[in-house]
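Numbering (our numbering), first residue to last: -4 to 73. Heads up: the structure comes next, in C-alpha cells.
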Amino acid sequence: MSEQMLAALARERDGYAARGLEDRVAMVEEQIAVLGGTVESPEDESSDSEVESPDTEVESPGDEPDPKPAAKRRTRKS
C-alpha cells in the first residue's frame, strides 16, 4: 500500500507544483518523507506535461442554456 500512497502523493505534488502552490508542495513532500519515500527536486524533473495556458478560451457556466426545472413528485395520502 505504501507504494500506491507514494505514487498518489507524487501525482498530488506534481499538480500543486504545476499550479505554483509551493506551500502545498512542501506539505506533500513532508508526507512523502514520513512514509520513507524520496522527493526529487523540481530542477531534476523534466517538465513534459502540458499545462493549459490562462489565455485559453474556456466556456463559462453562463454560456449553457438553463436546464428544465425538475418535475415535482406526487406523494400518496395514507
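All C-beta atoms, glycine included, are put in the ideal place defined by N, C-alpha and C.
Give the secondary structure of residue i by DSSP, where H, G and I count as helix, E and B as strand, and everything else as coil.
i	result
Gly10	helix
Ser42	Its pLDDT being 47, under 50, Ser42 is placed unreliably in this model, and the coordinates cannot settle the point.
Glu17	helix
Leu4	helix
Val23	helix
Val34	coil
Ala28	helix
Glu(-2)	helix
When you compare only the Cα positions, how much space is there between residue i and residue j?
i	j	result
Ile27	Glu7	11 angstroms
Ser44	Leu30	The predicted position of Ser44 is uncertain, since its pLDDT is 47 and thus under 50; a value taken from the coordinates is nonetheless stated next. Rounded to the nearest angstrom, the two C-alpha atoms are 26 angstroms apart.
Leu16	Leu1	19 angstroms
Ser42	Gly32	The predicted position of Ser42 is uncertain, since its pLDDT is 47 and thus under 50; a value taken from the coordinates is nonetheless stated next. If I take the Cα positions, the gap works out to 21 angstroms.
Ser(-3)	Arg14	26 angstroms
Glu40	Lys67	Its pLDDT being 48, under 50, Glu40 is placed unreliably in this model, and the value from its coordinates should be taken loosely. The alpha-carbon atoms of Glu40 and Lys67 are separated by roughly 55 angstroms.
Glu35	Gly10	14 angstroms
Ala65	Asp18	43 angstroms
Gln(-1)	Lys63	43 angstroms
Thr70	Ala12	52 angstroms
Which whole-angstrom value is the C-beta distance of residue i and residue j, which I expect to be below 8 angstroms?
i	j	result
Leu4	Val20	At roughly 11 angstroms, the Cβ-Cβ gap does not stay under 8 angstroms, so Leu4 and Val20 are not in contact.
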